[in-house]
Amino acid sequence: MSIDQRRFPRVEFFLVPDQHEQLPVWVIKPEGLSEARGGIVVNLSEARLQILAAAEPPLDAQHYELRLLLGEDEGVPLFSADVRRVWTRPLSRIVQVGGFEFESPNSQAEEFLLAQTAQITARKWVRCVLVERMTALA
Numbered sequence: 014m015s016i017d018q019r020r021f022p023r024v025e026f027f028l029v030p031d032q033h034e035q036l037p038v039w040v041i042k043p044e045g046l047s048e049a050r051g052g053i054v055v056n057l058s059e060a061r062l063q064i065l066a067a068a069e070p071p072l073d074a075q076h077y078e079l080r081l082l083l084g085e086d087e088g089v090p091l092f093s094a095d096v097r098r099v100w101t102r103p104l105s106r107i108v109q110v111g112g113f114e115f116e117s118p119n120s121q122a123e124e125f126l127l128a129q130t131a132q133i134t135a136r137k138w139v140r141c142v143l144v145e146r147m148t149a150l151a
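All residue numbers for the sequence shown refer to the numbering used here, where the first residue is 14 and numbers rise by one.
Right under this line is the structure:
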């Protein structure tokens, strides 16, 4: 089913494999960002992060704006950062994982995520959207 035919295009759902179970995840995208890719931040290291997203469509753009979604009720992105996709790989038939790096150090999004590292490790993931960015041609 194409994005245009979805009944609720602002909601993305996928299952996250975790040991011997699959955990359901919903990402409610803010108004006007139905074309953005919903995901969850599952790992964070120095200047890099991993994001899980539904397998289709693939994360194949090079540059994205990462917007963190805090407060699921209103789905308002509070922190954002420019990120570059370093790699992607399928995690299952329906989920992919992407490795990204922050393009500018110490963004508000990176600072917030660093403060949340223990919660992310404990499966209290931060939901996000990835908005594809077009870069100027050299």
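For every residue, glycine included, the Cβ atom is placed at its ideal position computed from N, Cα and C.
By the C-beta density criterion, L127 is exposed, having fewer than 16 other C-beta atoms within 10 angstroms. Residue environment: L91 is assigned as exposed (fewer than 16 neighbouring CB atoms within 10 Å of its CB, all protein chains considered). In the DSSP secondary-structure assignment, Q35 is bridged to P30. In the DSSP assignment, E44 forms no beta bridge with any residue. In this structure, DSSP gives A66 an extended state, which the three-state scheme calls strand. The beta carbon of R50 sits closer than 7 angstroms to the beta carbons of A66, L72, V142 and L143 from its chain, once the five residues preceding and following it are set aside; these are given in chain order. Collapsing the DSSP output to three states places E124 in a helix. The beta carbon of W100 lies closer than 6 angstroms to those of G112 in the same chain, with the five residues before and after it left out.
Contiguous beta strand (DSSP E) elements confined to the segment 75-111 occur at 76-82 and 90-103, taking only those with 3 or more residues. Where L143 is concerned, the enclosing beta strand (DSSP E) starts and stops at V139 to E145.
Straight-line measurement puts the Cα of A60 at about 7 angstroms from the Cα of P118.
At a Cβ-Cβ threshold of 9 angstroms, Q63 and V110 count as neighbours.
In this structure R102 is exposed. Its beta-carbon is surrounded by fewer than 16 other beta-carbon atoms within 10 angstroms.
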